[in-house]
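Enquirer: This structure is in structure tokens; I'll ask about it shortly.
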Amino acid sequence: MAFTSAKRGKGQSSAAWNKGKIYYSSAGDETIKAYTEQFGKDMDCFLKCRAKEVLPGGLILLSFPGRLSETPHSQVFSNIAYDLLGSCLVEMANKGIISEEKVDTFNIPIYFTSPQEVEAAVERNGCFSVERVICIPQKKTQDSISTKAKAISSHMRAGMEALLKEHFGDEIMDQLFDNFLQQLHKSLAFQFGVAFTVFLVLKRNEIY
Numbered sequence: 023m024a025f026t027s028a029k030r031g032k033g034q035s036s037a038a039w040n041k042g043k044i045y046y047s048s049a050g051d052e053t054i055k056a057y058t059e060q061f062g063k064d065m066d067c068f069l070k071c072r073a074k075e076v077l078p079g080g081l082i083l084l085s086f087p088g089r090l091s092e093t094p095h096s097q098v099f100s101n102i103a104y105d106l107l108g109s110c111l112v113e114m115a116n117k118g119i120i121s122e123e124k125v126d127t128f129n130i131p132i133y134f135t136s137p138q139e140v141e142a143a144v145e146r147n148g149c150f151s152v153e154r155v156i157c158i159p160q161k162k163t164q165d166s167i168s169t170k171a172k173a174i175s176s177h178m179r180a181g182m183e184a185l186l187k188e189h190f191g192d193e194i195m196d197q198l199f200d201n202f203l204q205q206l207h208k209s210l211a212f213q214f215g216v217a218f219t220v221f222l223v224l225k226r227n228e229i230y
């Protein structure tokens, strides 16, 4: 799920500082904790806003990509792709195309939550009760590696280009995603990543 920000603690001295990475999934425990806490804060805000729109007893359905609680963040399909994109940016920094500081101060504000984390957030918030949770694995296609790589690269660019442009500038986008596509062709890791869609039915509480 997307959230408002992914700050790196209080700066380079923070244990959550994520040097050389743009994402949390293969980072240290403190960085993962920072992402988890930000997700909890934003989920609480989201639920409070939805509570103003739904009458007591009313239902809302949430659907979002997630993970099973026992699945490490580093093994989630999309997280593997985000880490690979990050490695492309690090490579560009090593070549002097962009600065290391630009990489170190950028975070992708997305967190793949588990059903248990969402249920806990709903309980803490108090506006809704959980009526049902379903976690459905996404089927893998039988497409060729080339076809999969092109699809992943296109989807990544469509979803992330505006955010990347704002931080790194427009001039590196073509080179970045060309490199990303090449790395996808070479990498076998993304073929083994797992992906789930979480469906959640919430009921608005009478009093909260």
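Note that this note's numbering has the sequence shown beginning at 23, numbered continuously upward. Glycine is no exception: its CB is placed at the ideal position from the N, C-alpha and C atoms. All of these numbers come straight from a predicted model, not from anything done at the bench.
Would you kindly check if the distance between the Cβ of residue 88 and the Cβ of residue 150 is under 8 Å?
Expert: Position 128 of the sequence shown, counted from the start, is the residue given in the question as residue 150. Position 66 of the sequence shown, counted from the start, is the residue given in the question as residue 88. No. Outside cutoff.
Enquirer: By how many angstroms is the C-alpha of residue 104 removed from the C-alpha of residue 40?
Expert: If you number the sequence shown from 1, residue 40 lands on position 18. If you number the sequence shown from 1, residue 104 lands on position 82. Rounded to whole angstroms, residue 40 to residue 104 spans 14 Å at the Cα level.
Enquirer: Can you name, in chain order, every residue of its own chain whose Cβ lies under 7 Å from the Cβ of residue 121, other than the five neighbours on each side?
Expert: The count along the sequence shown starts at 1 and reaches residue 121 at position 99. So the qualifying residues of the chain are 115.
Enquirer: Which residues does DSSP list as the beta-bridge partners of residue 151?
Expert: Numbered from 1 along the sequence shown, position 129 holds the residue referred to as residue 151. Its beta-bridge partners are 225.
Enquirer: For residue 111 and chain B, any beta-carbon pair shorter than 8 Å?
Expert: The structure shown contains no chain B; it is built from a single protein chain.
Enquirer: Taking residue 148 as the reference, give the member of 63, 226, 56 with the closest Cα.
Expert: The residue you call residue 148 lines up with position 126 of the sequence shown. Closest by alpha carbon: 226.
Enquirer: CB-CB under 6 Å to residue 232, same chain, minus the five flanking residues each way: which ones, in chain order?
Expert: Shown here, the chain extends from 23 to 230; a query on residue 232 therefore has no answer.
Enquirer: Between the alpha carbons of residue 222 and residue 144, how many angstroms are there, rounded?
Expert: Locating residue 222 in the sequence shown gives position 200, where the first residue counts as 1. Locating residue 144 in the sequence shown gives position 122, where the first residue counts as 1. About 11 Å.
Enquirer: Give the secondary structure of residue 112 by DSSP, where H, G and I count as helix, E and B as strand, and everything else as coil.
Expert: Position 90 of the sequence shown holds residue 112. Helix, per DSSP.
Enquirer: CB-CB under 6 Å to residue 179, same chain, minus the five flanking residues each way: which ones, in chain order?
Expert: Locating residue 179 in the sequence shown gives position 157, counting from the first residue. Once the five neighbours on either side are set aside, the close Cβ partners of residue 179 are 199.
Enquirer: Quick check: residue 160 and residue 217, are their CB atoms within less than 8 Å of each other?
Expert: Here residue 160 refers to the residue found at position 138 when the sequence shown is read from its first residue. Here residue 217 refers to the residue found at position 195 when the sequence shown is read from its first residue. It is a contact, given that the beta carbons lie within the stated cut-off.
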